[in-house]
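Everything below concerns the one structure shown next.
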Amino acid sequence: KNQPTWVTPISTMFKGYRVWELPPNNQGVAVLEMLRILDSYDLKGMGQNSAPYLHHLIEAKKLAYSDLARYVGDADHLTVPVSRLLADDFIAERRSHIDEKKAMTQTEPGPARTSSETVYLTVADKDGNMVSFINSNFDEFGSGVVVPGTGFALHDRGAGFTMDPGLPNTVAPGKRPFHTLIPGFVTKPGANSAADGTGDEPYMSFGLMGGAMQAQGHAQFLINLLVFGQNIQQAQDAARFRHMSGTRVIVESAMPDDVIAQLRALGHDVNIANPSQFGGSQAIIKLAHGYVAGSDPRKDGHAAGY
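Quick note: the sequence shown uses our numbering, first residue 143, plus one each step.
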């Protein structure tokens, strides 16, 4: 009985651009919530990948993902609308939990099981059409069930449900499970733009593979690009962090030792991990005449044009 649905993306303004994500039943709203929480801070003044900068991003991630676990699931079963999670007063309340001198220690409620057998691609053509596409079987071969006559296996995203009662993502018949797949897009408001983004000019299609890394990876990439002014490749190459749970954080080996020491002094349990733990991204930016693209060195893939 499952049928594909045509959905309206959700968005927020960030540094003069409109960032678009898919609505629930996925983690797209967490990207927007993180950006909204962080927008009032002087991130550029903190310095890219400085300890204060990373501390604020890690704390914003904790808050946004906690809200994912509590409020996000099948769009037909939400108890709190997405608009509420992005409302000014809600964001201000969440921001108030960030202590600049100490890491939050509470465990995130009900973290969803996530995996990363995912592919992301983005394409653009001479007519200005741009597509941001992501797909995943979840586990290596999904459910292991192949649809007769098709040659493809069905996914097993049902593992993303929670058994905790009373939540939008609690397992039940006829519900869509929470999942991590979030192709991203950015537009630039112009003279003919409406408040909801209608009439905006396309600016960038982008995405990042990696299960629960995706939303926090989106935020890091966008801030590298829109706050620190890095180009499309530099913004993907820059060292990343990944918050796991509680105070556990992993970082790439390129992160400076003094920054790691400062984060530990703030209460973060920081360890260095393999680059494969930090996702893999692709992106295309639309120029006045043509495009520019970049591809993450952490995984297979490349940028190509014609």
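The beta-carbon is built from N, C-alpha and C at its ideal position, and this holds for glycine as well.
- Restricting attention to beta strand (DSSP E) runs no shorter than 3 residues, the region 268-335 encloses them at 272-280 and 326-330, ordered along the chain.
- At the C-beta level, Ser-278 and Leu-350 stay beyond 7 Å of one another.
- By alpha-carbon distance to Ile-374, the top candidate from Leu-196, Leu-429 and His-198 is Leu-429.
- Gly-359 and Asp-241 have their C-alpha atoms some 22 Å from each other.
- In the DSSP assignment, Leu-350 falls outside any alpha helix (DSSP H) and lies within the beta strand (DSSP E) extending over 343-351.
- About 5 Å separates the beta carbons of Val-224 and Ile-152, which is inside the 8 Å limit, making them a contact pair.
- Partner residues in the beta bridge of Gln-424, as assigned by DSSP, are Gly-349 and Ser-437.
- Between Ala-206 and Glu-235, the C-beta spacing is not below 7 Å.
- Going by beta carbons, Leu-196 and Phe-327 fall outside the 7 Å limit.
- With three or more CB-CB distances shorter than 8 Å, the region 335-354 counts as touching the region 416-424.
- Scanning its chain for C-beta atoms nearer than 7 Å, with the 5 sequence neighbours on each side dropped, one finds around Lys-157 the residues Leu-368 and Val-369, in chain order.
- In the DSSP assignment, Asp-209 falls within the alpha helix (DSSP H) that extends over 193-213.
- The C-beta separation of Arg-299 from Phe-280 comes to about 5 Å, placing the pair in contact by the 8 Å criterion.
- Excluding sequence positions up to five before and after His-385, its CB lies within less than 6 Å of the CB of Ile-200, Lys-203 and Val-391, all in the same chain and listed in chain order.
- Within the DSSP bridge table, the entry for Asp-399 names no partner.
- The shortest CA-to-CA distance from Gln-378 to any of Thr-389, Ile-365 and Thr-264 is the one to Ile-365.
- For the 7 Å CB-CB criterion, Phe-303 and Ala-425 do not form a contact.
- Arg-382 sits in coil when the DSSP states are folded into three classes, being neither helix nor strand.
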